[in-house]
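K.L.:
Input: one structure, supplied below.
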Amino acid sequence: MWKLIKPQPSTLRLWQVGLLVALIAFWYVMTTPGLITPFMFDNDRQAAFFFGEPVRVAERIWTWFVTDADIYQHLGVTLTETLLAFAIGAIGGLLGGLWLALSPMASAILEPYIKAMNSMP
25 MWKLIKPQPS TLRLWQVGLL VALIAFWYVM TTPGLITPFM FDNDRQAAFF FGEPVRVAER
85 IWTWFVTDAD IYQHLGVTLT ETLLAFAIGA IGGLLGGLWL ALSPMASAIL EPYIKAMNSM
145 P
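Under the numbering used here, the residues of the sequence shown are numbered 25 to 145, in order.
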């Protein structure tokens, strides 16, 4: 059955772009005031407030990356914080794991708590 509906390599990209266009069109129709009657919100502006309008979102992204180009400083700070957090977590995890591996007493004491934390999502 699945072999019959396997996407062809020649049309796969077309289907992917078509799905993206359909999702953006659906987003536009659902958030443009007056195009459809409000059925989930009290008025037709609340959907646009909650989900954002795709044209305004695209304008904001264009402004961030091209016109003002002020997002790059924020992206740099975020990347630095992410790398620092990863380094701190990796070093802490390695030191904690080494300590538990070399200290049978600490491993025995902390084992039920570690197992309990492993069961948490």
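Note that CB positions come from ideal geometry on N, CA and C, so glycine has one too. All values reported here derive from a predicted model rather than from experimental measurement.
Mind listing, in chain order, the continuous alpha helix (DSSP H) runs of no fewer than 4 residues lying wholly within the segment 33-79?
P.N.:
Counting whole runs of 4 or more residues, the segment 33-79 contains the alpha helix (DSSP H) stretches 33-55, 70-75.
K.L.:
With the cut-off set at 8 angstroms, would you say L122 and S131 are in Cβ contact?
P.N.:
Looking up residue 122 in the sequence shown gives position 98. Looking up residue 131 in the sequence shown gives position 107. No, the Cβ-Cβ distance between L122 and S131 is not below 8 angstroms.
K.L.:
Excluding sequence positions up to five away, which residues of its chain have a Cβ less than 7 angstroms from the Cβ of Y52?
P.N.:
Residue numbering aside, residue 52 sits at position 28 when the sequence shown is read from its first letter. Here the set comprises P78.
K.L.:
A140 lies in the alpha helix (DSSP H); which residues open and close that run?
P.N.:
Position 116 of the sequence shown, counted from the first residue, corresponds to residue 140. Its alpha helix (DSSP H) spans residues 128-142.
K.L.:
Let me know the secondary structure DSSP gives L124 once reduced to three states.
P.N.:
By 1-based counting over the sequence shown, the position of residue 124 is 100. The answer is helix: DSSP assigns L124 an H, G or I state.
K.L.:
With a threshold of 16 other CB atoms inside 10 Å of the CB of T55, please say whether the residue is buried or exposed.
P.N.:
Within the sequence shown, the letter at position 31 stands for residue 55. T55 comes out buried.
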